[in-house]
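I have placed the structure first, in the form of structure tokens, so that the comments after it can refer back to it.
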């Protein structure tokens, strides 16, 4: 499997990803990566992409796969299927709204 | 040019990217993207990747190109050459240290 860089939005605020449980998503992700010793996976927090209406969100690069409306319980499936197996989890994917190049305000 | 997602570390702290001028790097990037109306470029803040010894850092995905020791004055060259021209700026590239899969602590 090629190296993967997984970003989780943890912007705080009630209507942002942080207010929708993204810290639990990130923690579960890091727990799984650590437990399974996935040396090809790097995890990093990110700021707002103006997608919190479908948050919490996660993006996997270089694949360019966006996930949304995540709960911590969804993470093991993403890890097993996508990060290990190379198959994105279609039911959890989202398409970012708005023009791609819109600059986040935060 | 394919869609690009540019991440700039803005973690605060004297020895972190934020303490080395990364806010000015991000602002200059957003100014250039806005001024040139680069609709294929999205810009997002990111947290720590444990690379602040060569910060401030920026990563361009899906290309997987890491830049380091950036000053705001370096940004127009990255925009012109890489984000518009598709040619990474070799003199500003870095290789992330340490095992890829190391989980950032922040």
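Residue numbers (this note's numbering), protein chains in the order written: chain A, 771 to 876; chain B, 771 to 876.
Here a beta-carbon is modelled for each residue, glycine too, at the ideal position from N, C-alpha and C.
Buried is the label assigned to residue 790(B), since at least 16 other Cβ atoms lie within 10 Å of its Cβ.
DSSP places residue 815(A) in the strand class (E or B) of the three-state scheme. Comparing alpha carbon positions, the residue from 778(B), 788(B), 771(B) closest to residue 845(B) is 778(B).
Of all residues in the stretch 841 to 868 of chain A, only 866 come within less than 9 Å of chain B when Cβ atoms are compared, listed by chain position. Interface criterion not met: the Cβ of residue 837(B) is under 8 Å from no Cβ in chain A. Among the bridge pairs identified by DSSP, residue 836(A) is matched with 829(A).
Contact note: residue 771(A) does not reach chain B at a C-beta cutoff of 7 Å; the least C-beta distance is about 11 Å.
Under the DSSP assignment, residue 796(B) falls in the alpha helix (DSSP H) whose first and last residues are 792 to 805. Nearest to residue 860(B) by alpha-carbon distance, out of 868(B), 851(B), 867(B), 866(B), is 851(B).
Membership of residue 776(A) in the beta strand (DSSP E) is indicated by the continuous run 774 to 779. Chain B has no Cβ within less than 8 Å of the Cβ of residue 805(A). For residue 857(A), the three-state secondary structure derived from DSSP is coil. Contact annotation: residue 816(B) and residue 815(A) have beta-carbon atoms nearer than 8 Å.
Per the DSSP secondary-structure output, residue 863(A) pairs in a beta bridge with 837(A). Annotation: residue 813(A) to residue 843(A) spans about 17 Å, alpha carbon to alpha carbon.
In this structure, DSSP gives residue 824(A) a helical state, which the three-state scheme calls helix.
Contacts with chain A (Cβ-Cβ distance below 9 Å) from the stretch 806 to 823 of chain B involve 807, 808, 809, 810, 811, 812, 813, 814, 815, 816, 817, 818, 819, listed in chain order.
Among the residues facing chain B, residue 826(A) is not included, as its CB has no counterpart in that chain under 8 Å away.
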